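Notes for the one structure printed next.
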Amino acid sequence: MRFLRQTFVICQKDLRAELRSKEALNASLAFSVVILLLFSFAFDPTAEQTREISGGLLWLVFAFAGALILNRSFARELANDCLDALVASPVPGSALFLGKAIANFVLLLAIEFICLPVFGVFYNVRWTTHLGALTLILVLGTWGLTVIGTMFSALTVNLRLRELMLPVLCYPIMIPCLLPAIQLSTVVIAGQPLGPDMMEGLRLLVGFDVIFTVLALALVETVLIG
Amino acid sequence: MIALAGASALIIVWVLYTIFLHVPDEKDQGAIFRIIYFHVPSAMTAAACALAAFIASLLYLWRRDLRYDAVAVSVTEGALLFGAVVLVTGMIWARIIWGIWWTWDARLTSTLVSWLMYAGYLMLRRAVEEPTERARNSAVLSIFIFPGVYITWKSIEWWRTQHPGPVLSIRSGGGMAPGMESPIYINLLALLCLAAVLAMLRYNQEKRRRELDSLRRTVHAI
Numbered sequence: 108m109r110f111l112r113q114t115f116v117i118c119q120k121d122l123r124a125e126l127r128s129k130e131a132l133n134a135s136l137a138f139s140v141v142i143l144l145l146f147s148f149a150f151d152p153t154a155e156q157t158r159e160i161s162g163g164l165l166w167l168v169f170a171f172a173g174a175l176i177l178n179r180s181f182a183r184e185l186a187n188d189c190l191d192a193l194v195a196s197p198v199p200g201s202a203l204f205l206g207k208a209i210a211n212f213v214l215l216l217a218i219e220f221i222c223l224p225v226f227g228v229f230y231n232v233r234w235t236t237h238l239g240a241l242t243l244i245l246v247l248g249t250w251g252l253t254v255i256g257t258m259f260s261a262l263t264v265n266l267r268l269r270e271l272m273l274p275v276l277c278y279p280i281m282i283p284c285l286l287p288a289i290q291l292s293t294v295v296i297a298g299q300p301l302g303p304d305m306m307e308g309l310r311l312l313v314g315f316d317v318i319f320t321v322l323a324l325a326l327v328e329t330v331l332i333g
Numbered sequence: 005m006i007a008l009a010g011a012s013a014l015i016i017v018w019v020l021y022t023i024f025l026h027v028p029d030e031k032d033q034g035a036i037f038r039i040i041y042f043h044v045p046s047a048m049t050a051a052a053c054a055l056a057a058f059i060a061s062l063l064y065l066w067r068r069d070l071r072y073d074a075v076a077v078s079v080t081e082g083a084l085l086f087g088a089v090v091l092v093t094g095m096i097w098a099r100i101i102w103g104i105w106w107t108w109d110a111r112l113t114s115t116l117v118s119w120l121m122y123a124g125y126l127m128l129r130r131a132v133e134e135p136t137e138r139a140r141n142s143a144v145l146s147i148f149i150f151p152g153v154y155i156t157w158k159s160i161e162w163w164r165t166q167h168p169g170p171v172l173s174i175r176s177g178g179g180m181a182p183g184m185e186s187p188i189y190i191n192l193l194a195l196l197c198l199a200a201v202l203a204m205l206r207y208n209q210e211k212r213r214r215e216l217d218s219l220r221r222t223v224h225a226i
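Set out below in structure tokens:
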């Protein structure tokens with residue numbers, strides 16, 4: 108109970124700080140729209156072709172947008188030694204991590220749901236046919252991205268090349284999560300329901316989320332406190 | 005260590021002699037199949053190095069002894085070296101058998117991804133100055149990388165891949181003739197010895213570096 112309240116307080120603090128300053132949110136939103144625009148020049152955005160690569164396109168945008176948000180997650184606490192204060196507070200490292208991960212998750216999911224209509228308009232794709240299934244995939248995939256990203260944000264917060272090291276370390280580890288998310292999203296956006304042959308991908312997503320959430324919760328204390 | 009290196013060299017010479025002069029060509033693949041005698045043992049050695057890195061990282065986080073960190077970085081470099089051997093020999097084989105250097109199937113992709121993650125591990129080490137922070141963060145990263153190695157190992161069972169499925173009798177229950185298969189295990193022994201020798205050399209280097217660091221710090225203090 109206490110743990111949940113602490114997690115909630117951290118999450119609330121992060122979301123409030125972000126919604127007041129909007130620095131990461133605006134940057135990553137603008138960035139995602141620009142990337143969506145650029146992708147339209149990379150190939151001919153006719154309806155048929157776009158449907159085949161829609162999942163990959165979307166998740167690349169989400170991964171890029173996520174890196175911007177996740178970079179800020181712990182780096183924001185560096186000013187005025189806020190990170191030291193947080194570590195010294197009675198909140199355990201795992202609650203600190205979980206609160207921040209949930210805040211990042213909410214922000215990234217919000218960006219995704221803003222990007223989707225933009226994507227639908229630009230590329231003439233009807234993405235709302237299986238909204239429930241798509242939401243499930245987005246939630247599972249985004250949680251995988253945020254868990255890894257938040258953990259590595261904590262890991263790289265003191266580095267000189269923080270902005271560079273985070274994506275270099277994150278993206279390869281995210282691949283087992285991105286891969287099924289891309290495949291499933293492509294199928295769902297093309298208008299097919301989630302069939303039994305899609306269960307393997309869902310299992311991989313859930314397995315990834317569970318394994319890395321547990322690993323991160325177990326190890327974050329060592330990273331933050333030492 | 006010299007004995008180990010000598011043993012490794014002798015076995016490798018024996019394996020080369022055996023596979024080129026005694027083992028016949030494979031029925032479908034011809035002469036190129038001999039690359040398996042280095043490809044598969046290198047893959048196993050790389051996996052063993054990755055496992056050792058995982059265990060050393062866990063031990064470091066548990067005991068907080070910088071010697072385990074030195075072990076972890078030594079064997080990780082071994083994993084990168086033998087991983088590179090696997091990738092290159094695999095590509096040569098693929099060029100002859102499949103007609104292409106590379107294909108994005110599950111085994112090849114996961115091997116490359118794991119290799120890149122370990123390269124990222126070395127990059128992270130470069131970026132952190134303070135020794136205990138470097139040891140701690142890289143140990144955590146190494147633990148995060150290891151599930152990827154497990155996925156790589158299992159990928160030929162989990163997905164239908166272009167990469168051949170398990171051919172060794174210990175995993176598939178028969179496949180190669182015993183006379184053709186045994187050099188693989190013997191070469192595995194040689195490569196494991198070689199990896200151990202390289203890791204020991206690197207470990208000694210790390211030890212010297214730590215001594216130098218502490219001396220330098222003492223001089224600074226004076």
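Taken in sequence, the protein lines are chains G and Y. Each residue of the first sequence is one higher than the last, beginning at 108 in my numbering. Each residue of the second sequence is one higher than the last, beginning at 5 in my numbering. Even for Gly, the Cβ is constructed at its ideal location relative to N, Cα and C. Model, not experiment: these values are computed from the prediction.
Alpha-carbon spacing of residue i relative to residue j, whole angstroms
| i | j | result |
| --- | --- | --- |
| A50/Y | H224/Y | 40 Å |
| V116/G | F220/G | 25 Å |
| A74/Y | S118/Y | 20 Å |
| S78/Y | V321/G | 28 Å |
| L331/G | N141/Y | 10 Å |
| V232/G | E159/G | 11 Å |
| G298/G | S147/G | 21 Å |
| Y125/Y | V17/Y | 33 Å |
| L216/Y | G206/G | 42 Å |
| I255/G | I96/Y | 35 Å |
| T329/G | Q156/G | 47 Å |
| D188/G | G308/G | 42 Å |
| A149/G | G34/Y | 43 Å |
| I226/Y | S218/Y | 12 Å |
| C118/G | I209/G | 6 Å |
| A182/G | V264/G | 6 Å |
| V228/G | A54/Y | 46 Å |
| R138/Y | I101/Y | 44 Å |
| S139/G | V198/G | 34 Å |
| S159/Y | R123/G | 43 Å |
| E30/Y | I39/Y | 11 Å |
| A131/G | E125/G | 7 Å |
| E270/G | A323/G | 20 Å |
| M305/G | L196/Y | 40 Å |
Beta-carbon gap between residue i and residue j smaller than 8 Å
| i | j | result |
| --- | --- | --- |
| L215/G | A172/G | yes |
| L177/G | T235/G | no |
| A203/Y | I15/Y | no |
| A131/Y | L276/G | no |
| Y278/G | A137/G | no |
| T114/G | A202/G | yes |
| F42/Y | V89/Y | yes |
| R221/Y | L70/Y | no |
| S135/G | L175/G | yes |
| L91/Y | T115/Y | yes |
| F212/G | V327/G | no |
| L192/Y | M48/Y | yes |
| A123/Y | L84/Y | yes |
Nearest candidate by alpha-carbon position, reference residue i, set the options
| i | options | result |
| --- | --- | --- |
| G302/G | L291/G, L312/G, V168/G | L291/G |
| I36/Y | A9/Y, G10/Y, G103/Y | G103/Y |
| R179/G | K129/G, G227/G, P283/G, T157/G | K129/G |
| C222/G | D304/G, A325/G, R109/G, L167/G | L167/G |
| A52/Y | P182/Y, L198/Y, W18/Y, T136/Y | L198/Y |
| P300/G | H237/G, L144/G, L143/G, L243/G | H237/G |
| I142/G | A182/G, V225/G, C118/G | V225/G |
| P1/Y | R138/Y, P28/Y, A123/Y, T115/Y | The shown model of chain Y, from 5 to 226, leaves out residue 1/Y, and the question about it has no answer. |
| L128/Y | G227/G, A208/G, L273/G | L273/G |
| L311/G | W163/Y, D109/Y, M5/Y | W163/Y |
| V295/G | L145/G, C284/G, D304/G, A240/G | A240/G |
| Y207/Y | E30/Y, D32/Y, A76/Y | A76/Y |
| S93/Y | E30/Y, V44/Y, R212/Y, L8/Y | At residue 93/Y the sequence reads Thr, which differs from the Ser that was named. With distances taken between Cα atoms, T93/Y lies closest to V44/Y. |
| Y154/Y | L247/G, V246/G, I280/G, F259/G | I280/G |
| E133/Y | E125/G, L268/G, L185/G | L268/G |
| E210/Y | Y72/Y, W105/Y, D32/Y, E161/Y | Y72/Y |
Whole-number beta carbon distance between residue j and residue i, since they are thought to touch under 8 Å
| i | j | result |
| --- | --- | --- |
| H167/Y | R111/Y | 4 Å |
| M121/Y | G82/Y | Actually they are not in contact, since the Cβ atoms of M121/Y and G82/Y sit about 15 Å apart, beyond 8 Å. |
| S12/Y | V201/Y | 7 Å |
| F86/Y | S46/Y | 5 Å |
| A288/G | I218/G | No, A288/G and I218/G are not in contact; Cβ-Cβ is about 15 Å, not under 8 Å. |
| T293/G | G162/G | 3 Å |
| T156/Y | D109/Y | Wrong, their Cβ atoms sit about 12 Å apart, outside the cutoff. |
Segment contact, 8 Å Cβ cut-off, at least three pairs: the region 139-154 of chain Y with the region 54-67 of chain Y: yes
Three-pair Cβ contact test at 8 Å for the region 17-30 of chain Y versus the region 183-192 of chain Y: yes
Given 8 Å, three or more beta-carbon pairs between the region 308-325 of chain G and the region 241-258 of chain G: yes
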